[in-house]
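Here's the structure we're looking at; comments come further down.
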Amino acid sequence: MVQSKNIVWLNSISKKDTELFGENATRLAELAQSKIKIPSTFLVHSRVFERLASKIMPQIDIALTAVSKDDFYSIKTASEQIKQLIYGLEFSEELQSEILSAYKQLSNVHINAYAVSDKTKELISTGRDLPFVVISASSPMPKTNNTQANIKGISQLSNAIKLCWCAMFSVRAIFYRLKYGIRKINFTIIVQKMVNATKSGDLFTINPIGGDKKSMYIQAIFGILPKYMSNPTQLVVDKISKDVKRLVINNQQTYLARDSQSGEVIDKEIPPELSNSQILSKDELNSLVDISSAVQSTLNFPQYLTWAIERGEIFITSSKRITDVFKNPLPELDRTSQLSGQPLISQNFSGTIGSDVLVVQDTTDDLIQNMLSSSGILVENPCLTSHAAIISYEFNKPCVLGVKKATEMQDGSKVTVNESGSIYLETPQSEQSSDGPHRNFVSVRAPQPTYSPPQESYSSETENSSLSDLDEKFAEIEKKVTDLVYEDTQKRREGLNVEEGQAKFLSELEWKIREIRKKLSEL
C-alpha cells in the first residue's frame, strides 16, 4: 500500500490528527477503524497545496486584501483571479506518480473493499480498470466544499483536486472568511471510491426540527446523490422502535445513474410503480437507523451524514457534527395566512417581492449577494440541506423552506412572515381586476443586488466621445475573452484537456483589459 509524504491512508490517522487533516477526514478514519462501512479512501496531504502554491501565495494574499464584504464585485473579481492562479499550478511527475499509485489501489485496500477475484485485483493494481472516485476537501472552514463526482483517470483526478482547492477561494468561501476573520487555512483532499448508488441521501441522527433526540430525520432519493438535493422523500423515524413517525413522499420522476457504456452520470426515468414509493424498504430503513446510531456512538456526538446503497450494502460517505438545530417544530398552518413553510431562522421579516424579498424554487452560489441583501427568502424546495438552507445558516439569513407555489406570487406583492413560518400576502391593488389578481409565473425573482460592476461615466459626451467609443470596443473584447476563460474553466471541470499556455495568456489578457478600462474611466 502506498504511504508517502503526500499520500495518507485512513488507517494511519485518528481524531488527534484533526488539526492537520480536518474533521471530515479524521471522522471517516474513526468510522473505518470501527468497522463501519465507508468507501475506500485515501488523502492528499495539505502540505501538497502549501508547497505548490508557495509561489502564488503573495498574489493570493494581495487579491484577498483588496476585497470588501460590502463590495460583491471585488469578491467575485478576487475569486476568479485566485482560481486562475490555482488552475495554472502544475503537478510534478513524482506527485502524479504517488497519486496514481494510491488511486490504483482504491479497489484493493482492506477498508471496506468489495470481495473481488484475484484476476480483478490484478487488473486494478495495473491500472487497467481504474475506479470512479469522488474528490472533496477536509477543511476547518465549513460548507465551502466543491465535491467532484464520477472522476476517472489521473488527468480528471488532478483537475478535480485543483477545483477543490479553488473552492476554498470561491465567492461563498471569501464571504465566509470576511465574516469570521479567517486568513490561513489548511485543507486536505479526500479521494474516495464512488458508490454507484441505487438509493442515497442524508440523515440527521437527531431530528433537527425541534431537536428531538429520540428520532432521526432521513432524506432519501433513488440513484446517485447530487450536489444539492431537491424535494427528497423525508422520513422522521423513532430510533428505538424504528417506526416512521412522519413521511413526506417526493414522487420522484428521474434519478441519476452511471451509464454502463459511456461511464457518464445521466438522468433516467423511474418506473411508474416506484415513483410514488417510500424509497427505503423496511429492512434498509432498519439497517440505516442501526448504522447511523453506531456512527453517533463512535463519534460521541449527534451527526449529519450522507449515505448510499449499492448491491444491498449501505455505505456512509461523510459525517459531520450537528452544530445547530431548528428552534421551531413543524408549523401548524395559521388559518389567517395564505402560505406556510419550515422556518430556518426564528425571526419575523417582511418586504416586497422583487424588491426586498427573494422568492425562488431554490438558490445557487450566483444568488448569494441577492440572498444577503434581501430581508428574507421564500423557497419552494423543502430539503433541509438545500443550497438555500446552507446559506441561511452560514449567514444567519431568515429563510422559509417548502413554501408551495411560492414563485407564483406576483412582483410587488407585500409579504409578512412570522417566526413560525406563516406567510401573509397582500396583492397590489393596481393588479386587481374583476377576474381576480394577475399572476406572474416565474421561476426566480430576486431583489436587485447592492453591487454593480464599475461603470464609466463622462461629464461631456462631445468632449469624450472618442474615449467612450474606445471603451465600448474594449468592453466587447473583454466579454469575448471572459467567455473564452469560462469555456476553459468548464473544460477543466469536465476533465478535458486545456492548453495551459493559452489559458494563462487569456487570464493575463482579461486583467490587462480591465486595467485599461479602469484608466479610461479616470480620464
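In terms of this note's numbering, the sequence shown opens at residue 73 and continues consecutively.
Using N, Cα and C, we set each Cβ at its ideal position, and we do this for glycine too.
- Rounded to the nearest whole angstrom, the C-alpha separation of L416 and K271 is 27 Å.
- Three or more beta-carbon pairs separated by less than 8 Å are not found between the segment 222-237 and the segment 77-97, which leaves the two stretches without contact.
- Per DSSP, reduced to three states, the secondary structure at K155 is helical.
- Counting only residues of its own chain and dropping the five nearest sequence neighbours on each side, L161 has a CB closer than 7 Å to the CB of L124, A125, K234.
- Looking only at I388, V472, K392, F294, the smallest Cα-Cα distance to S106 is reached by I388.
- By the Cβ criterion, the segment 99-115 is not in contact with the segment 147-161, since fewer than three pairs of Cβ atoms, one from each stretch, lie closer than 8 Å.
- Contact annotation: the segment 252-269 does not touch the segment 298-313, with fewer than three C-beta pairs closer than 8 Å.
- Scanning its chain for C-beta atoms nearer than 7 Å, with the 5 sequence neighbours on each side dropped, one finds around A380 the residues V267, A269, S272, L297, F387, T389, in chain order.
- When DSSP states are grouped into helix, strand and coil, Q333 belongs to the coil group.
- For S422, the enclosing beta strand (DSSP E) has its first and last residue at 421-424.
- Three or more beta-carbon pairs separated by less than 8 Å link the segment 443-458 to the segment 466-484, which places the two stretches in contact.
- With 16 or more other Cβ atoms from the protein chains shown falling within 10 Å of its own Cβ, Q291 counts as buried.
- Counting other Cβ atoms within 10 Å of its Cβ, Y159 reaches 16 or more and is therefore classed as buried.
- By alpha-carbon distance to R589, the top candidate from A547, E580, V557, E559 is A547.
- It is roughly 40 Å from the alpha-carbon of K141 to the alpha-carbon of A329.
- Within 10 angstroms of the beta-carbon of P280 lie 16 or more other beta-carbons, which makes it buried.
- Secondary structure note for E170: its alpha helix (DSSP H) is the uninterrupted segment 165-176.
- Selection I128, Q177, S464 evaluated against T436 yields S464 as nearest (Cα-Cα).
- DSSP places D434 outside both helix and strand once states are collapsed to three, so it counts as coil.
- Only buried fits K176, as 16 or more other CB atoms lie within 10 angstroms of its CB.
- In the three-state reduction of the DSSP assignment, T113 falls in the strand class.
- Pairing W81 with A174 gives a Cβ-Cβ distance under 9 Å.
- By the Cβ criterion, the segment 306-323 is in contact with the segment 352-370, since at least three pairs of Cβ atoms, one from each stretch, lie closer than 8 Å.
- If you draw a straight line from the Cα of V206 to the Cα of L229, it is about 9 Å long.
- By the CB criterion at 9 Å, S151 and A245 fall inside the cutoff.
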